[in-house]
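Peer 1:
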Amino acid sequence: MIRKNRLNKIYLLGFFLIATISIVYFVLKALDKNIDLYLTPTDVIESNYEMNNQFKLGGMVKEGSVKKTDLEVEFIVTDFNEEILISYQGILPNLFKENSGVVASGSLDGNIFKAKEILAKHDENYMPVKLEEK
Amino acid sequence: MQFDFFGNALLALSTLLYGVVFSSVVLNKNRSASVKLMHATTGILAICIIYLSYQFLTDNFQFLYVFENSNTLLPVFYKFSALWSAHEGSFLLMIFMLALCGSINSVIIKNDRDLQFSNAVLSFIAFFYLVFLSLTSNPFQVFPYLPANGVDLNPLLQDPLLIIHPPMLFFGYVFYAVVFSFVISGIFNKFNEGLIQILKVWSGIAWATLSVGILLGSMWAYYELGWGGYWFWDPVENVALLPWLAGTAFTHSLIFHKNKVLMSWMVFLGILAFLLSVMGSFIVRSGIINSVHAFASDPSRGVFLLSLFGLFSLASFAIFFWKSEKLSSAWPKINSKSYLILLNNIILMTILVVVFIGTLYPIFNEIWYGQKISIGPNYYSDLITPLVFLLILVFTYEQFFKQKFNYKYFLIIILLFAAYLVLHLFYEISFGLFAGYLFLGILLMRLGFFVYAKKPIAAHKIAGHLSVVALTTAILFNYEYSQKVDLVLKPNDSIQFMDTEIEFLGIEIVADQNFDSVVGNFQITSNDNVYQLASEKRVYKIGGVITSETGIKSLINRDFLIVLGDRFNDGSWSLRYSIKYGIMLIWLSSISLILSMLYGVVRRYEQ
Numbered sequence: 001m002i003r004k005n006r007l008n009k010i011y012l013l014g015f016f017l018i019a020t021i022s023i024v025y026f027v028l029k030a031l032d033k034n035i036d037l038y039l040t041p042t043d044v045i046e047s048n049y050e051m052n053n054q055f056k057l058g059g060m061v062k063e064g065s066v067k068k069t070d071l072e073v074e075f076i077v078t079d080f081n082e083e084i085l086i087s088y089q090g091i092l093p094n095l096f097k098e099n100s101g102v103v104a105s106g107s108l109d110g111n112i113f114k115a116k117e118i119l120a121k122h123d124e125n126y127m128p129v130k131l132e133e134k
Numbered sequence: 135m136q137f138d139f140f141g142n143a144l145l146a147l148s149t150l151l152y153g154v155v156f157s158s159v160v161l162n163k164n165r166s167a168s169v170k171l172m173h174a175t176t177g178i179l180a181i182c183i184i185y186l187s188y189q190f191l192t193d194n195f196q197f198l199y200v201f202e203n204s205n206t207l208l209p210v211f212y213k214f215s216a217l218w219s220a221h222e223g224s225f226l227l228m229i230f231m232l233a234l235c236g237s238i239n240s241v242i243i244k245n246d247r248d249l250q251f252s253n254a255v256l257s258f259i260a261f262f263y264l265v266f267l268s269l270t271s272n273p274f275q276v277f278p279y280l281p282a283n284g285v286d287l288n289p290l291l292q293d294p295l296l297i298i299h300p301p302m303l304f305f306g307y308v309f310y311a312v313v314f315s316f317v318i319s320g321i322f323n324k325f326n327e328g329l330i331q332i333l334k335v336w337s338g339i340a341w342a343t344l345s346v347g348i349l350l351g352s353m354w355a356y357y358e359l360g361w362g363g364y365w366f367w368d369p370v371e372n373v374a375l376l377p378w379l380a381g382t383a384f385t386h387s388l389i390f391h392k393n394k395v396l397m398s399w400m401v402f403l404g405i406l407a408f409l410l411s412v413m414g415s416f417i418v419r420s421g422i423i424n425s426v427h428a429f430a431s432d433p434s435r436g437v438f439l440l441s442l443f444g445l446f447s448l449a450s451f452a453i454f455f456w457k458s459e460k461l462s463s464a465w466p467k468i469n470s471k472s473y474l475i476l477l478n479n480i481i482l483m484t485i486l487v488v489v490f491i492g493t494l495y496p497i498f499n500e501i502w503y504g505q506k507i508s509i510g511p512n513y514y515s516d517l518i519t520p521l522v523f524l525l526i527l528v529f530t531y532e533q534f535f536k537q538k539f540n541y542k543y544f545l546i547i548i549l550l551f552a553a554y555l556v557l558h559l560f561y562e563i564s565f566g567l568f569a570g571y572l573f574l575g576i577l578l579m580r581l582g583f584f585v586y587a588k589k590p591i592a593a594h595k596i597a598g599h600l601s602v603v604a605l606t607t608a609i610l611f612n613y614e615y616s617q618k619v620d621l622v623l624k625p626n627d628s629i630q631f632m633d634t635e636i637e638f639l640g641i642e643i644v645a646d647q648n649f650d651s652v653v654g655n656f657q658i659t660s661n662d663n664v665y666q667l668a669s670e671k672r673v674y675k676i677g678g679v680i681t682s683e684t685g686i687k688s689l690i691n692r693d694f695l696i697v698l699g700d701r702f703n704d705g706s707w708s709l710r711y712s713i714k715y716g717i718m719l720i721w722l723s724s725i726s727l728i729l730s731m732l733y734g735v736v737r738r739y740e741q
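In order, the protein sequences belong to chains A and B.
Position 88, counted from 1, in the first sequence is what our numbering calls 88; the numbers after and before it change by one each time, with no gaps.
Position 604, counted from 1, in the second sequence is what our numbering calls 738; the numbers after and before it change by one each time, with no gaps.
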């Protein structure tokens, strides 16, 4: 009786060991495939535009920089330190506007960031006039 | 900035009373009086809420919170709901709900010992949340002068769906705190039949409420934000999913009580569901993770919430390890019902771990390597899809449990595989979708068999599991067939896409109470059926925020969506036109899943 119990425990431990190892393996593999770096214009310029893979570029849309021709859109994203030109083909999200946060995913083509997808942030703290006196 | 005396006095008084309730139970003094104090505190918090609502309804912009979230032009309905539109008010509402649950328990629950313990735990939680509210997010701050008008409620929040979405999530969290309080009571006293019934009812309610909250958020993203999808694996969405997964596992694990196996595991899951919900509010409110959902983030709140999370975890795990030897931790017999539930729990926990790592990995990466990263949605879908199918396999097997396996089944499996190959070659159906239809068919047949045999079955149980399969199939259906295209179109022009023709009928300008809007009218022709839809861009009068209302025509199997883009000089407009499959099926199966759970709760309560 005791032996059978002990055998069961060994099976159980073995099962958990295999399960844990396979979970870790698959998680690491999936992470490796799907991680996008999240960079600011400063990061990109500091690396001398040497980014071959797809990544995400975040910052503010520079005021007066948005140019639209048909479905082609160009605008400058800034982190108030450095800036990068983004080009995108398609419809911009509703919340996209100048002086507002944006996250673009895509890759570099020379010094221009070709975006495949653009997301604008929706902000609960919606304040047209900043409450400075607070 | 000053503080309103009346509001803060009420907050301070209720904090004090919760301290008294907690200590009276712990010190074992005046226990009967503590129930009355619970009711009194609920009353005080109700006055707090009415008082703040009154300020909204009378446009008292001297209150900072009213000033930031309301405006004289706002419709009365939204003035009322603005109460919980931002951080301070929603926390106040959440604490009130916690208090209300304590009062409801005090009326309904007969077992005095369980009630006392649960009340002590609830007042412990409420005490710290009230301290947090008063110190870092006080809703009763006032200006020394009276501003002429308020800033307005965020236009995105001026939507009926969004009025109920956040409180539903919050209430789900609160109900998991109630479940947690009874789990703690069970550790100290005993998990008797009565307590298990209470746990079943509360965990069912908590699960259903949290599910409704998540579903509404999903619908809001789809219909209101016009993001063109219903789930994005964004960190803020994931942290609501974590307690939901733990809660789902917990609800199933309550069955362990029957055979007195793995009670410690069940207790662990109950604690986990609560702690994950506290962690969720920390992650959302501290702004520690990059998300497309930006909330008012404030470092001091983040630190406070993290300390609360630490305190609650420490307290509950200390109790867990201190008292856990009293709990049974025997393993269920192999190939028993409990064993299958354990398998289900392990799969659910694996999904939880996958989501947890995906959500938190970016934070650790940033702390250790100083590099910001984001994890793509494929990480989740690659890992979770096989796990969900495994889960479906397990619970479908459970339906046929205790039937002997013989060569007939082997034959059936070969036939099914052949059927898949034929369908794949001629109709290009994917394996996932085929498996979805297959399990749907099996469970439906099972349901039909039960109905035919007039067997008294737990109808809600099979309906719930059937809904999970339907939901999975609908999600795959949506993923595999949806299409979209960006276009430039002039009024009165038309264009062909897939099997539909889209015609731009024209543009009109409409003025409403607090916004002006541009409405584009479209006509979609598909297989001789004609559908009209209007896509809108709104400019709000105060603040000039532009939002757009996606034009959506929902049919049972597919949706047509048009988002109005920009106008060009030659009078043409840019548009995004998408055809999405299975969206309605996703909503319907989720609703039937939630209803199945609620039906189970009602039946249990009647008994």
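The beta-carbon is built from N, C-alpha and C at its ideal position, and this holds for glycine as well.
Here the structure is a predicted model, which is why all the values come from computation and not from measurement.
Helix, strand or coil for Tyr38 (chain A) per DSSP?
Peer 2: Within the first sequence, the letter at position 38 stands for residue 38 (chain A). If DSSP states are grouped into helix, strand and coil, Tyr38 (chain A) belongs with the strands.
Peer 1: Pull the bridge partners of Asp633 (chain B) from the DSSP assignment, please.
Peer 2: Stepping through the second sequence from its first residue, residue 633 (chain B) is reached at position 499. None; Asp633 (chain B) has no bridge partner.
Peer 1: Since Lys506 (chain B) meets chain A, which of its residues come closer than 9 Å, beta carbon to beta carbon?
Peer 2: Here residue 506 (chain B) refers to the residue found at position 372 when the second sequence is read from its first residue. Simply Leu37, Tyr38, Leu39, Thr40, Asp43, Lys56, Gly58.
Peer 1: Label Ser463 (chain B) either buried or exposed according to how many other C-beta atoms from any shown protein chain fall within 10 Å of its C-beta, with 16 as the threshold for buried.
Peer 2: Here residue 463 (chain B) refers to the residue found at position 329 of the second sequence. Classification for Ser463 (chain B): exposed.
Peer 1: Assign Ala143 (chain B) to one of three DSSP states: helix, strand, or coil.
Peer 2: Along the second sequence, read from residue 1 onward, the residue named residue 143 (chain B) stands at position 9. Helix, per DSSP.
Peer 1: How would you list, in chain order, the residues of chain B whose beta-carbon sits under 9 Å from the beta-carbon of Leu168 (chain A)?
Peer 2: Residue 168 (chain A) cannot be examined here, being either before or after the span of chain A that is shown, 1 to 134.
Peer 1: Distance cutoff 7 Å, beta carbons only. Does Asp145 (chain A) sit that close to anything in chain B?
Peer 2: The structure shown does not extend to residue 145 (chain A), since chain A is modelled only from 1 to 134, so the question has no answer here.
Peer 1: Rounded to the nearest angstrom, what separates Leu639 (chain B) and Lys618 (chain B) at their Cα positions?
Peer 2: Here residue 639 (chain B) refers to the residue found at position 505 when the second sequence is read from its first residue. Here residue 618 (chain B) refers to the residue found at position 484 when the second sequence is read from its first residue. So the alpha carbons of these two residues sit roughly 20 Å apart.
Peer 1: Work out the CA separation of Pro301 (chain B) and Thr681 (chain B) for me, nearest whole Å.
Peer 2: Working through the second sequence from its first residue, we reach residue 681 (chain B) at position 547. Working through the second sequence from its first residue, we reach residue 301 (chain B) at position 167. Each residue's Cα considered, the two are about 23 Å apart.
Peer 1: If we count the other Cβ atoms within 10 Å of its Cβ and call it buried at 16 or more, is Glu683 (chain B) buried or exposed?
Peer 2: Locating residue 683 (chain B) in the second sequence gives position 549, where the first residue counts as 1. That one is buried.
Peer 1: Identify the continuous alpha helix (DSSP H) that holds Lys618 (chain B) and give its terminal residues.
Peer 2: Indexing the second sequence from 1 puts residue 618 (chain B) at position 484. Taken as a continuous stretch (DSSP letters only), Lys618 (chain B) belongs to no alpha helix (DSSP H), being part of the beta strand (DSSP E) at 617 to 623.
Peer 1: Suppose the cutoff is 6 Å on Cβ atoms and the five residues either side in sequence are ignored; what does the same chain contact list for Ser398 (chain B) look like?
Peer 2: Looking up residue 398 (chain B) in the second sequence gives position 264. Excluding sequence neighbours, Ser398 (chain B) sits near Ser458, Leu461, Ser463.
Peer 1: In chain A, what lies closer than 8 Å to Phe416 (chain B) by C-beta?
Peer 2: Along the second sequence, read from residue 1 onward, the residue named residue 416 (chain B) stands at position 282. Going along chain A, no residue has its Cβ under 8 Å from Phe416 (chain B), so there is no contact; the nearest lies around 16 Å.
Peer 1: Quick one: residues in its chain with C-beta nearer than 7 Å to the C-beta of Lys114 (chain A), no 5 flanking neighbours on either side, listed in chain order?
Peer 2: Start at 1 with the first residue of the first sequence, and residue 114 (chain A) comes out as number 114. Taken in chain order, the residues that qualify are Ser87, Gly106, Ser107.
Peer 1: List, in order along the chain, the chain B residues whose C-beta lies closer than 7 Å to that of Phe26 (chain A)?
Peer 2: The residue you call residue 26 (chain A) lines up with position 26 of the first sequence. What Phe26 (chain A) touches in chain B: Leu517.
Peer 1: I need the straight-line Cα distance from Lys467 (chain B) to Ile720 (chain B), nearest angstrom please.
Peer 2: For the purposes of this step, residue 467 (chain B) is identified with residue 333 of the second sequence, where counting begins at 1. For the purposes of this step, residue 720 (chain B) is identified with residue 586 of the second sequence, where counting begins at 1. About 37 Å.
Peer 1: Shortest alpha-carbon distance to Gln136 (chain B) belongs to which of B:Leu171, B:Gln196, B:Ile641?
Peer 2: For this step, residue 136 (chain B) is matched to residue 2 along the second sequence. Checked all of B:Leu171, B:Gln196, B:Ile641; the closest Cα to Gln136 (chain B) is B:Gln196.
Peer 1: For the stretch 218 to 263 of chain B, list the alpha helix (DSSP H) runs that are entirely contained and at least 4 residues long, ordered along the chain.
Peer 2: Segments of the alpha helix (DSSP H) lying fully in the stretch 218 to 263 of chain B: 221 to 242.
Peer 1: Rounded to whole angstroms, what is the Cα-Cα separation between Phe96 (chain A) and Val103 (chain A)?
Peer 2: Here residue 96 (chain A) refers to the residue found at position 96 of the first sequence. Here residue 103 (chain A) refers to the residue found at position 103 of the first sequence. Going from the Cα of Phe96 (chain A) to the Cα of Val103 (chain A) covers about 10 Å.
Peer 1: I want to know whether the stretch 201 to 212 of chain B touches the stretch 281 to 294 of chain B - three or more CB-CB distances under 8 Å.
Peer 2: Flag = yes, the stretch 201 to 212 of chain B and the stretch 281 to 294 of chain B touch.
Peer 1: Grab the span of the alpha helix (DSSP H) containing Gly404 (chain B) for me, first residue to last.
Peer 2: If you number the second sequence from 1, residue 404 (chain B) lands on position 270. Here the alpha helix (DSSP H) through Gly404 (chain B) covers 397 to 420.
Peer 1: Along the chain, which unbroken stretches of the alpha helix (DSSP H) at least 4 residues long are found entirely within the stretch 154 to 221 of chain B?
Peer 2: Counting only runs of 4 or more, we get 165 to 191, 198 to 203, 210 to 215.
Peer 1: Report yes or no: is there a C-beta of chain A within less than 7 Å of the C-beta of Ser708 (chain B)?
Peer 2: Counting from 1 along the second sequence, the entry for residue 708 (chain B) is found at position 574. For Ser708 (chain B), the answer is yes, since a Cβ of chain A falls inside 7 Å of its Cβ.
Peer 1: So for Phe26 (chain A), helix, strand or coil by DSSP?
Peer 2: Mapped onto the first sequence, residue 26 (chain A) falls at position 26. Correct three-state label for Phe26 (chain A): helix.
Peer 1: Does the beta carbon of Gly654 (chain B) come closer than 7 Å to any beta carbon on chain E?
Peer 2: Absent here is chain E; the protein component of the structure consists of chains A and B.
Peer 1: When you check each C-beta in the stretch 436 to 462 of chain B against every C-beta of chain A, which residues fall closer than 7 Å?
Peer 2: Answer set for the stretch 436 to 462 of chain B: empty.
Peer 1: Just verifying my parser: in three-state terms, what is the DSSP assignment at Val679 (chain B)?
Peer 2: Here residue 679 (chain B) refers to the residue found at position 545 of the second sequence. Looking at Val679 (chain B) - three-state DSSP - the assignment turns out to be coil, as it is neither helix nor strand.
Peer 1: Mind checking Trp218 (chain B): buried by the 16 CB within 10 Å criterion, or exposed?
Peer 2: Here residue 218 (chain B) refers to the residue found at position 84 when the second sequence is read from its first residue. Buried, because 16 or more other Cβ atoms sit within 10 Å of the Cβ of Trp218 (chain B).
Peer 1: Using a cut-off of 8 Å between C-beta atoms, extract the partners of Asn512 (chain B) located in chain A.
Peer 2: On the second sequence, residue 512 (chain B) is found 378 positions in, with the first residue counted as 1. Neighbours of Asn512 (chain B) on chain A, chain order: Ala30, Lys33, Asn34.
Peer 1: Are the beta-carbon atoms belonging to Phe443 (chain B) and Phe416 (chain B) less than 7 Å from one another?
Peer 2: As a first step, residue 443 (chain B) must be located in the second sequence, where it is residue number 309. As a first step, residue 416 (chain B) must be located in the second sequence, where it is residue number 282. Against a cut-off of 7 Å, the Cβ pair of Phe416 (chain B) and Phe443 (chain B) comes out as a contact.
Peer 1: Beta carbon of Ile696 (chain B), beta carbon of Tyr715 (chain B): below 7 Å?
Peer 2: As a working mapping, residue 696 (chain B) is identified with position 562 in the second sequence. As a working mapping, residue 715 (chain B) is identified with position 581 in the second sequence. No, the pair does not count as a contact, with Cβ atoms beyond the cut-off.
Peer 1: Counting only Cβ pairs nearer than 8 Å, list the residues of chain B close to Lys97 (chain A).
Peer 2: In the first sequence, counting from the first residue as 1, residue 97 (chain A) sits at position 97. Correct list: Ile680.
Peer 1: Rounded C-beta distance between Tyr279 (chain B) and Gly381 (chain B)? I'm assuming under 8 Å.
Peer 2: Indexing the second sequence from 1 puts residue 279 (chain B) at position 145. Indexing the second sequence from 1 puts residue 381 (chain B) at position 247. Not a contact, Cβ separation roughly 47 Å.
Peer 1: Compare the Cα-Cα distances from Glu670 (chain B) to each of A:Thr20, A:Asn94, A:Glu74 and report the closest residue.
Peer 2: On the second sequence, residue 670 (chain B) is found 536 positions in, with the first residue counted as 1. With distances taken between Cα atoms, Glu670 (chain B) lies closest to A:Asn94.
Peer 1: Evaluate contact between the stretch 472 to 482 of chain B and the stretch 353 to 367 of chain B, counting only Cβ atoms and requiring at least three cross-stretch pairs below 8 Å.
Peer 2: Counting Cβ pairs under 8 Å, fewer than three are found: no touch.
Peer 1: Counting Cβ pairs, one atom from each stretch, are 3 or more of them under 8 Å apart for the stretch 314 to 323 of chain B and the stretch 247 to 254 of chain B?
Peer 2: They touch, by the three-pair rule.
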